[in-house]
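Worksheet: the structure to be examined is printed underneath.
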Amino acid sequence: MLISIVVPCFNEEEIIGRFHARVTTELERLEAETGTEFELVYVDDGSHDRTLPLLQEMADRDPRSRTRYVSFSRNFGKEAAMLAGLRHAAGDAVVVMDADLQHPPELLRRMLELHGEGFDQVVARRTRTGDRVTRTLAARAYYRLINRLVDVELVDGVGDFRLLSRRAVDAVLELTEYNRFSKGLFAWVGFPTTTLAYENAARERGRSKWSFRKLLNYGLDGLLSFNDRPLRAALHLGLLLVALAAAYAAWIVGAALVKGVDTPGYVTLLVTVTALAGVQMVMLGVVGEYVGRIYYEVKRRPHFLVKATNAAVPKQQHGELVRR
Ligand code: UDP
Ligand code: MG
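Heads up: the sequence shown begins at 21 in the numbering used here, then just goes up one per residue.
Have a look at this one:
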């Protein structure tokens, strides 16, 4: 059995060496005990620092050439990096891991055990100890909201640290959409899944690439890429407003008939006009988001471009087999 470890790396020069050492130690121990062989697939997501030369050095120094790297022409984002890693992974099982050692390599053993028990996805679920309170609360509120809205089930604390069986990986690779929201894609794929709790380690070196704005946009992506319910909600809101307007009109006409015509206030008029304009903008925004997504999808641009690699050409690209 071969297990592939996929590691997206963006400006990780400070920690990538230590990550490699720790993961290799753990996997060699496992190999000695259980005979599970491994390969490491690093994806350099257009780093501006020394990440790529370090990866190349690690690959050159690997006596059994189990270290592969794929380097992007620029930063395409973690989703693209994971996709590239999954495409290049040859393993019977694949584990996606962050390069910053926030995902403890010691968990690999238990993940493999659970995979051996027949689970196609073994998902590591982090506890939120050590996180800032604001982020914990925001995350909790977000998951409550999103699970009411989307069709797949998303779990708080579950990230991209997970083991996927070969058939789960192949299923994920079949999903060729341009806007990738992996949490949702993994959940969409299904197959027997189990979770495994772990204590989140604080990032030791380097900086998290997530700002509040990025998180917010990521959250919106999650909402929008998994269903068309916001469109339906916009429609409902529109209908509700039409009903309210009709009732209000009826009331005005009724009052005029009973009491004779009086002069209606301009405040009512202004408030109604601005409120309606706001609602229309929101609806237009919702529709626009979907149109924007369609725009990107129909272009069918590649998810990433490779600048340098020591890995073979992957089996699949854009859902089609690549022929040399
Ligand atoms: N990453 C990436 N491309 C990006 C941003 C991040 O490949 O554009 C990688 C990064 O190197 C790390 C992982 O994704 O291995 C998680 O990133 P980070 O630690 O910044 O996120 P956090 O752990 O704070 O969610
Ligand atoms: Mg991190």
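Glycine included, each C-beta is placed from N, C-alpha and C at the ideal position.
Per DSSP, R320 lies in no beta strand (DSSP E) segment and is marked neither H nor E. Classified as buried, K98 has 16 or more neighbouring CB atoms from the shown chains inside 10 Å of its CB.
Taken in chain order, the whole alpha helix (DSSP H) runs of length 4 or more contained in the region 85 to 148 are 98 to 108, 127 to 136. Of the other Cβ atoms in all chains shown, 16 or more fall within 10 Å of the Cβ of P125; this residue is therefore buried.
The ligand MG never approaches Q300 closely enough for any of its heavy atoms to be under 7 angstroms from the residue's Cβ.
Between S67 and A328, the gap from beta carbon to beta carbon reaches 8 angstroms or more.
Counting along the chain, the unbroken alpha helix (DSSP H) around V153 starts and ends at 153 to 169. Take R200, set aside five residues on each side of it, and the residues of its chain with a beta-carbon closer than 6 angstroms to its own are E99, in chain order. Sixteen is the threshold: since fewer than 16 other Cβ atoms of the shown chains lie within 10 Å of the Cβ of M301, the residue is exposed. About 6 angstroms separates the beta carbon of V114 from that of L106, a gap short enough to meet the 8 angstroms contact definition. Per DSSP, D190 has no beta bridge partner at all. Per DSSP, E173 lies in no beta strand (DSSP E) and is assigned neither H nor E.
If the five residues before and after W208 are omitted, its C-beta is found closer than 7 angstroms to the C-beta atoms of V172, all from its own chain and listed in chain order.
In this structure, the alpha-carbon of L134 lies about 16 angstroms from that of L22.
I35 is positioned such that its CB atom lies closer than 8 angstroms to that of L121. The three-state reading of DSSP puts D241 in helix, counting H, G and I together.
Contact between L290 and S93 is ruled out by a C-beta separation of about 53 angstroms, above the 8 angstroms threshold.
In this structure, the straight-line span from the alpha carbon of A79 to that of A217 is close to 32 angstroms. Per the C-alpha coordinates, the member of V43, A188, V307, N237 positioned closest to D248 is V307.
The shortest C-alpha to C-alpha distance from G37 to any of D65, A119, P322, A161 is the one to A119. Using a Cβ distance threshold of 8 angstroms, R145 and T215 count as a contacting pair. For Q122, the shortest C-beta to heavy atom distance toward the ligand MG is below 7 angstroms. Per DSSP, A331 is not a residue of any alpha helix (DSSP H), being assigned neither H nor E.
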